[in-house]
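Under this note's numbering, the sequence shown has 317 at position 280, and the numbering climbs by one with no breaks.
Take a look at the structure below.
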Amino acid sequence: MLRAHTGEPRFSLPYWDYFRPENYRFPREFGTRRLDQPLDGDDSNPLYHAQRNLYFTDWEHWSGNNLPYSQLTPEAVDWAPARDSVVFFGQTEREGLAGGTVDEDSSTRGRLESFPQDPIHRLVGVVIPRPPLPNPADPANPIPQEPVAGGMAFPPTAGFDPIFYVHHSNIDRLWAEWSCMPGKNWGHFPPQDWFDDNPWHFYDVTLENGQLKPVEVSKSRKDYFDYRALGVSFKSEDLSKTPLPLPDPIPGPAPALLASLTSFANVGSFSAVKRDMQRAAALGCYFSVNAEMTRSDRGRILVTEMPLDRILTETDGPFTQMEGRPAEPADIRLTVASIADVRKIAADAVSDIIRANLQTLLKT
Ligand SMILES: [Cu+2]
């Protein structure tokens, strides 16, 4: 879209290569209010953005020269943990270049997002103080408000700062570089429908009768993994190297057997456990139930939530106890009776369902 507007077919986004010490300073092109050469009589700099950290970004501060006062450090832009990650998808968001898709902990993210993606956002952006709110109950003591993040430090406003695009061009470059390194693999694949999902809508432009017309672009997630197919290339790129290809077709996860829901049933908030169980079911997991579990209220509620076609029984349990001894295969009758009771189905029907489930699992 930007290329179409410039009218320059070779226009490309620059990237801020902050790994070179000479680029540790905020780029001057973005950091002055005034242009050295006015454009059409206007010398205001369109790349300047007011909501920025003054000490790190301002090249024209009134108080002196040798600006800006602060610059990046090697630690702030250290991408070694991301670069050295062997897998793309981790099991949690703390491992893998891109983190995990199963872990919904929003305080963690993939390694590339953690360094250097985040520090650049936080260093460039600002903290905006907010005035205290009037306190009708006690007018002499207004209610203090926490400051908020703004500019690059706050995702909803980050894209309004033009530096965002040269920062993220560099992040894209790092991703491309990683994917061309030997010995990398995709790691813990998310399910097929995650790849088929199309959560993002973008605009591109086409030229129609000499007019630029917007075109909506909505692709599935998997279409964004092959950057070369998207027409993206980097000046620094070695085109003789092949980026890690996404398998075709993308494999769905193999059905997995969860050893026991006993611990599951006793740990964590109930809604979190229920959500985890639904996610595990969506991933193709089976749940094994033992008699001990059907004796606890939480366990019984979980059994009511379990998809019937994913229930199995545990034949023996060195760790699950029945009346003070390890559980034995003979205890299955009790488990089946409990499942039948909880689900309001005849015990024979439960037995048939479990047998069918086992046959399905063994066939896959
Ligand atoms: Cu970002």
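By construction, the Cβ of each residue, glycine as well, lies at the ideal position given by its N, Cα and C atoms.
- Message: Would you call the stretch 322 to 333 in contact with the stretch 348 to 364, where contact means no fewer than 3 C-beta pairs closer than 8 Å?
- Response: Taking a cut-off of 8 Å on C-beta distances, the stretch 322 to 333 touches the stretch 348 to 364, as three or more cross pairs fall below it.
- Compare the C-beta of Met218 with all C-beta atoms of chain D and state if any pair is closer than 8 Å. Absent here is chain D; the protein component of the structure consists of one chain.
- Inter-residue Cα distance where the pair is Val310 and Gly147: Walking along the sequence shown from the start, residue 310 turns up at place 273. Walking along the sequence shown from the start, residue 147 turns up at place 110. In this structure, the straight-line span from the alpha carbon of Val310 to that of Gly147 is close to 24 Å.
- Residues of its chain near Arg70, where Cβ-Cβ distance is below 8 Å and the 5 sequence neighbours each way are ignored: Locating residue 70 in the sequence shown gives position 33, counting from the first residue. Hits under 8 Å: Ser81, Asn82, Tyr85, Glu97.
- Report, in whole angstroms, the separation of the C-beta atoms of Arg62 and Pro105, which I expect to be a contact under 8 Å. Locating residue 62 in the sequence shown gives position 25, counting from the first residue. Locating residue 105 in the sequence shown gives position 68, counting from the first residue. Confirmed, Cβ separation roughly 6 Å.
- Item | Rounded C-alpha distance that separates Arg210 from Arg89 | As a working mapping, residue 210 is identified with position 173 in the sequence shown. As a working mapping, residue 89 is identified with position 52 in the sequence shown. Taking the straight line joining both Cα atoms gives about 24 Å.
- Task: Kindly list the residues whose CB is nearer than 6 Å to the CB of Ala87, restricted to its own chain and excluding five residues on each side of it in sequence; keep chain order.
- Result: Within the sequence shown, the letter at position 50 stands for residue 87. Here the set comprises nothing.
- Inter-stretch contact at 8 Å, needing at least 3 Cβ pairs: the stretch 370 to 390 / the stretch 337 to 347: The stretch 370 to 390 makes contact with the stretch 337 to 347: 3 or more CB pairs, one atom from each, lie closer than 8 Å.
- In whole angstroms, what is the alpha-carbon distance linking His225 and Gly136? Position 188 of the sequence shown, counting from 1, holds the residue named residue 225. Position 99 of the sequence shown, counting from 1, holds the residue named residue 136. When the Cα atoms are used, His225 and Gly136 turn out to be separated by approximately 10 Å.
- Query: Just how far apart, CA to CA, sit Pro111 and Asp260?
  - Reply: Reading the sequence shown from its first residue, position 74 is the one you call residue 111. Reading the sequence shown from its first residue, position 223 is the one you call residue 260. Cα atoms of Pro111 and Asp260: separation of roughly 34 Å, rounded to the nearest angstrom.
- Message: Just to confirm, is the Cβ distance from Trp231 to Phe125 under 8 Å?
- Response: Sequence index remark: in the sequence shown, residue 231 carries index 194 (1-based). Sequence index remark: in the sequence shown, residue 125 carries index 88 (1-based). Contact flag unset, no.
- Query: Any heavy atom of ligand 1 within a distance shorter than 7 Å of the CB on Gln88?
  - Reply: For the purposes of this step, residue 88 is taken as residue 51 along the sequence shown, with counting starting at 1. Not one heavy atom of ligand 1 falls within 7 Å of the beta-carbon of Gln88.
- Item | Closest Cα partner of Ala119 within the set Asn103, Trp215, Pro193 | As a first step, residue 119 must be located in the sequence shown, where it is residue number 82. Distance check between Ala119 and each of Asn103, Trp215, Pro193 places Trp215 closest, using alpha-carbon atoms only.
- For Gly336, the three-state DSSP class (helix, strand or coil): What you label residue 336 is simply residue 299 of the sequence shown in a count that begins at 1. Gly336 falls in the helix class under three-state DSSP.
- Query: By the 10 Å Cβ neighbour count, where 16 or more other Cβ atoms means buried, how is Ala386 classified, buried or exposed?
  - Reply: Counting from one through the sequence shown, the residue named residue 386 turns up at place 349. Only exposed fits Ala386, as fewer than 16 other CB atoms lie within 10 angstroms of its CB.
- Query: Whole alpha helix (DSSP H) runs in the stretch 214 to 283 with 4 or more residues, listed along the chain?
  - Reply: Counting only runs of at least 4 residues, the stretch 214 to 283 fully encloses the following alpha helix (DSSP H) elements, listed from N- to C-terminal order: 229 to 233.
- Message: At a threshold of 7 Å, does Ala195 count as lining ligand 1 (C-beta to nearest heavy atom)?
- Response: Translated into the one-based positions of the sequence shown, residue 195 becomes position 158. Result yes, Cβ under 7 Å from ligand 1.
- Taking the beta strand (DSSP E) that Val114 falls in, what are its first and last residues? Stepping through the sequence shown from its first residue, residue 114 is reached at position 77. For Val114, there is no enclosing beta strand (DSSP E), since its DSSP letter is neither H nor E.
- Would you call the CB atoms of Asn153 and Ala113 closer than 8 Å? Here residue 153 is taken as the residue at index 116 of the sequence shown, counted from 1. Here residue 113 is taken as the residue at index 76 of the sequence shown, counted from 1. The amino acid at residue 153 is misidentified as Asn; the sequence shows Pro. Yes, they are a contact pair.
- Task: Have a look at the DSSP bridge pairing and note the partners of Phe56.
- Result: Numbered from its first residue, the sequence shown carries residue 56 at position 19. For Phe56, DSSP assigns no beta-bridge partner whatsoever.
- Item | Gly127 versus Pro169 - alpha carbon distance | Translated into positions along the sequence shown, residue 127 becomes position 90. Translated into positions along the sequence shown, residue 169 becomes position 132. C-alpha separation (whole angstroms): 43 Å.
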